[in-house]
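Under the numbering used here, the residue at position 49 of the sequence shown is numbered 65, and the numbers go up by one with no gaps. Glycine included, C-beta positions come from ideal geometry on N, C-alpha and C. What you are looking at is a predicted structure, and each value in this text was computed from that prediction instead of being measured. What follows is a single structure, written as structure tokens, with notes after it.
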Amino acid sequence: YCVREEDDNEMLNMGVVGAFVVVRTLSRVHVPSYCTAAPLDCGDPLGYFDFNMIQQLVLNGLESAALFAGTAAAMEYAYERNWVSKFPN
17 YCVREEDDNE MLNMGVVGAF VVVRTLSRVH VPSYCTAAPL DCGDPLGYFD FNMIQQLVLN
77 GLESAALFAG TAAAMEYAYE RNWVSKFPN
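As structure tokens, this is what we get:
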């Protein structure tokens, strides 16, 4: 739905990249064994998260943003040179 011939909506393109970044980042966080599952509680001082989980979120988020932004840029480059085509409306 976001790769159509006559749809050059930049916000939609950024939103799709952002959605992939969020899903990939959250799926890669490992919850330590000392955290309780329901409700998520890892103790003081942060409650829901510990510093290790926050570090994982930041590093995986940066990695995912770089990967998906680079892929989106490469796809736009290929579209502009007609190496690949977008879906027809």
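With 16 other Cβ atoms within 10 Å as the buried cut-off, status of residue 52:
Numbered from its first residue, the sequence shown carries residue 52 at position 36. Of the residues assessed, residue 52 falls on the exposed side of the cut-off, its CB having fewer than 16 other CB atoms within 10 angstroms.
Beta carbon of residue 102 nearer than 7 Å to that of residue 21
Stepping through the sequence shown from its first residue, residue 102 is reached at position 86. Stepping through the sequence shown from its first residue, residue 21 is reached at position 5. Cβ atoms of residue 102 and residue 21: closer than 7 Å.
Range of the contiguous alpha helix (DSSP H) that encloses residue 40:
Working through the sequence shown from its first residue, we reach residue 40 at position 24. Where residue 40 is concerned, the enclosing alpha helix (DSSP H) stretches over 26-43.
Residue 94 - containing alpha helix (DSSP H), residue span
Stepping through the sequence shown from its first residue, residue 94 is reached at position 78. Looking at the DSSP string, the run of the alpha helix (DSSP H) that includes residue 94 is 67-96.
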